[in-house]
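First residue of the sequence shown: 8, per our numbering; consecutive thereafter.
Report on one structure; see the data block that follows.
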Amino acid sequence: MKLSLNGATTMKADLTTDVRAAAAAGFDYLEIWAAKLRDYLKTHSLSDLETLFSQSGVKPLSISPIEYVTFRDAPAYTQIRTECEELCAIAEAIACPYVVILPGNFPPGGLSSYEVIEETVSVLRELASIAERHNVALAFEFLGRKDCSVQTLELADEIIQKVNRRNIGLVIDSFHFYVGGSTIKMIDALDSKRLFIFHINDAEDLPLDQLTDAHRLLPGLGTLKLKEMIEAFKRIGYDQVASVEIFRPEYWERDPFELAREAKAAVKSALLKS
């Protein structure tokens, strides 16, 4: 697999630093954190950003994320469409293949699986049409949190199949895969063409109901069954990108160049052990 660094891992670093740290560590790609992108574009042009990437040797993999795209009121959903148009236009300009989108939470009172699927399919089809105009694909990431409307790979894949657009696929995040109760059998049932990005990370040894994003660790330092996941990806023929995404405040205080080097070594080790 090609290797990527996600800008969430180095959250306090700016976009220029992320690109340079990823390059210095030997990553192939960078997932651009959208807030850092907007800060960068306050004082730089898209041409500057293209030059930054081309000179570094690192390629942009995604712009991430557009959050909570489903179960929004009309004004909020209008903003989601606007944000999708904005980020897809930027992605097209810098030859970035993906924009990452996240499902919304359950509204008060909950929902049936049918209602979740119906709403999510409708929204993703509309956003896919926006992305298609810019020759960009949308990578849909299910979240294992109990308040999220799409918590498992099985449900996310059912939705993607019903959307039935070539520019809509999946992100599998190892932390959310574990916390949400997804299984290796769900990977084995997946067509690898529908999997766009693998977010690789580990987690502390805590009860499921206590785990939060802040408990994420570099691959190999925790208890997640990364070896089994990677072996399953090999069985279905997925060999695209493993991207290190870790929301750990302790890591954000570290030197981003040093952290990027450790992240690269950790993900390479995890892949070699599988």
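Glycine is no exception: its CB is placed at the ideal position from the N, C-alpha and C atoms.
Determine the DSSP secondary structure at Glu-38, reduced to helix, strand or coil.
Counting from 1 along the sequence shown, the entry for residue 38 is found at position 31. Looking at Glu-38 - three-state DSSP - the assignment turns out to be strand.
First and last residue of the alpha helix (DSSP H) that includes Leu-145?
Looking up residue 145 in the sequence shown gives position 138. It is not in any alpha helix (DSSP H) - Leu-145 instead sits in the beta strand (DSSP E) that spans 144-148.
Here's the rule: buried if 16 or more other CB atoms are within 10 angstroms of the residue's CB, otherwise exposed. What is Leu-162?
As a working mapping, residue 162 is identified with position 155 in the sequence shown. So Leu-162 counts as buried.
Minimum C-alpha distance to Glu-92 - residue among Ser-181, Ser-54 and Asn-142
Residue 92 sits at position 85 when you count from the first residue of the sequence shown. Residue Asn-142 is the option with its Cα nearest to Glu-92.
Can you find at least 3 beta carbon pairs, one from the stretch 223-240 and one from the stretch 262-281, that sit closer than 8 angstroms?
yes
According to DSSP, Asp-209 sits in a beta bridge with which residue or residues?
Translated into positions along the sequence shown, residue 209 becomes position 202. For Asp-209, which the question treats as bridged, DSSP gives the partners Leu-224.
Does DSSP put Arg-72 in a helix, in a strand, or in coil?
Position 65 of the sequence shown, counted from the start, is the residue given in the question as residue 72. A small fix is needed here, since residue 72 is Pro in this sequence, not Arg. Three-state DSSP puts Pro-72 in a strand.
Would you tell me roughly how many angstroms separate the C-alpha atoms of Cys-155 and Pro-256, rounded to the nearest one?
In the sequence shown, counting from the first residue as 1, residue 155 sits at position 148. In the sequence shown, counting from the first residue as 1, residue 256 sits at position 249. Cys-155 and Pro-256: Cα-Cα distance of roughly 22 angstroms.
Taking Cβ to Cβ, would you say Val-107 is nearer than 8 angstroms to Glu-148?
As a position in the sequence shown, residue 107 is number 100, starting the count at 1. As a position in the sequence shown, residue 148 is number 141, starting the count at 1. Yes, the pair counts as a contact, with Cβ atoms nearer than the cut-off.
Identify whether Ala-102 lies in helix, strand or coil by the three-state DSSP scheme.
Position 95 of the sequence shown, counting from 1, holds the residue named residue 102. Three-state DSSP puts Ala-102 in coil, outside helix and strand.
Once the 5 residues before and after Asp-35 are set aside, which same chain residues still bring their CB inside 6 angstroms of it?
Looking up residue 35 in the sequence shown gives position 28. If we look at Asp-35 and ignore the five residues flanking it on each side, its Cβ neighbours are Lys-9 and Leu-10.
Top-ranked residue by Cα proximity to Val-76, from Ile-101, Ala-98 and Phe-113:
Walking along the sequence shown from the start, residue 76 turns up at place 69. For Val-76, the nearest C-alpha among the options comes from Phe-113.
Of all the options Arg-173, Glu-260, Lys-200 and Thr-24, which has the alpha carbon lying nearest to the alpha carbon of Lys-241?
Within the sequence shown, the letter at position 234 stands for residue 241. The shortest C-alpha separation from Lys-241 is found at Lys-200.
Whole alpha helix (DSSP H) elements within the stretch 118-195, 4-residue minimum:
120-140, 160-170, 181-186 and 191-195
When Tyr-84, Leu-59 and Arg-223 are compared against Ile-207, the one with the closest alpha-carbon:
As a position in the sequence shown, residue 207 is number 200, starting the count at 1. The option with the nearest alpha carbon to Ile-207 is Arg-223.
Along the beta strand (DSSP E) that carries Ala-20, what are the first and last residues, could you check?
The count along the sequence shown starts at 1 and reaches residue 20 at position 13. From DSSP, Ala-20 is part of no beta strand (DSSP E); its letter is neither H nor E.
Determine the burial state of Arg-27: buried for a count of at least 16 other Cβ atoms within 10 Å of its Cβ, exposed for fewer.
Your numbering for residue 27 matches position 20 in the sequence shown. When all chains shown are included, Arg-27 counts as buried.
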